[in-house]
Amino acid sequence: MDKMTPEQRHHCMSSIRSKNTKPEMVVRRYLFSRGFRFRVNVKRLPGTPDVVLRKYRTVIFVNGCFWHGHEGCKYFVLPKSNVEFWKDKIERNRRRDLKERIQLRCMGWHVMQVWECQLKPKEREMTLKGIEWALNRILLENYGMRKKGEMKPYREYEEGNGRMIAADGMEDYGK
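Written out as structure tokens, the structure reads:
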């Protein structure tokens, strides 16, 4: 049984935003602070991803645990009233999300899905660092490696001309 009147429930549900949610803003602020530049809510891509990083060919969806049916999550609890409606709605959302992720992958995009519960204070740092690590890995795979697993060495290192490279210690600087 619902504790709110239908009018109260309508007002409550209509105030829920689909863009610029708190979890999205957490991800966007972190990425921007680390030097990543991106677009938000790009309508030309399937699913209108929350964050689009063109340089990395990567999209990020920041999903609410309830609205997208995060299995096994304590924040995903079906309402007690109108149960059939909510089951159907959340199942449709899941099918739509899967279809959009598949479409994006077929178009050559990397797809990341971040759940609201992963951005709660206890897990936030690990989740955000994981996103950053994955983006850096994608960049290396796309631009920095010739063969999978093989890094391109510095030209100075190959020639052995004694010039400082990024990995050299500061004691060699200026010699």
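Residues in the sequence shown are numbered consecutively from 290, following our numbering.
Backbone N, C-alpha and C define an ideal beta-carbon position, used for all residues, glycine too.
Computed from a prediction, not measured in an experiment: that's the story for all the values here.
One or two residues paired with residue i in a DSSP bridge
i    : result
R328 : V341
M401 : I349
Residue i and residue j closer than 7 Å at C-beta
i    : j    : result
V400 : L393 : yes
F365 : F355 : yes
E421 : R346 : no
Cα-Cα separation, residue i to residue j
i    : j    : result
P335 : F350 : 11 Å
K369 : L408 : 26 Å
V316 : P295 : 34 Å
G419 : N382 : 25 Å
E389 : L417 : 23 Å
I427 : E405 : 23 Å
I379 : E430 : 35 Å
N425 : L367 : 37 Å
E414 : L320 : 12 Å
T310 : L387 : 21 Å
K344 : K308 : 23 Å
M252 : D377 : Because the chain spans 290 through 464 in this model, residue 252 falls outside it and cannot be assessed.
E448 : V348 : Residue placement at E448 is flagged as unreliable, the pLDDT there being 45, under the threshold of 50; a coordinate-derived value is accordingly withheld.
K292 : V372 : 15 Å
In chain order, which continuous runs of the beta strand (DSSP E) of length 3 or greater are located wholly inside the stretch 359 to 390? none
Three or more C-beta pairs under 8 Å: does that hold for the stretch 339 to 353 against the stretch 318 to 328? yes
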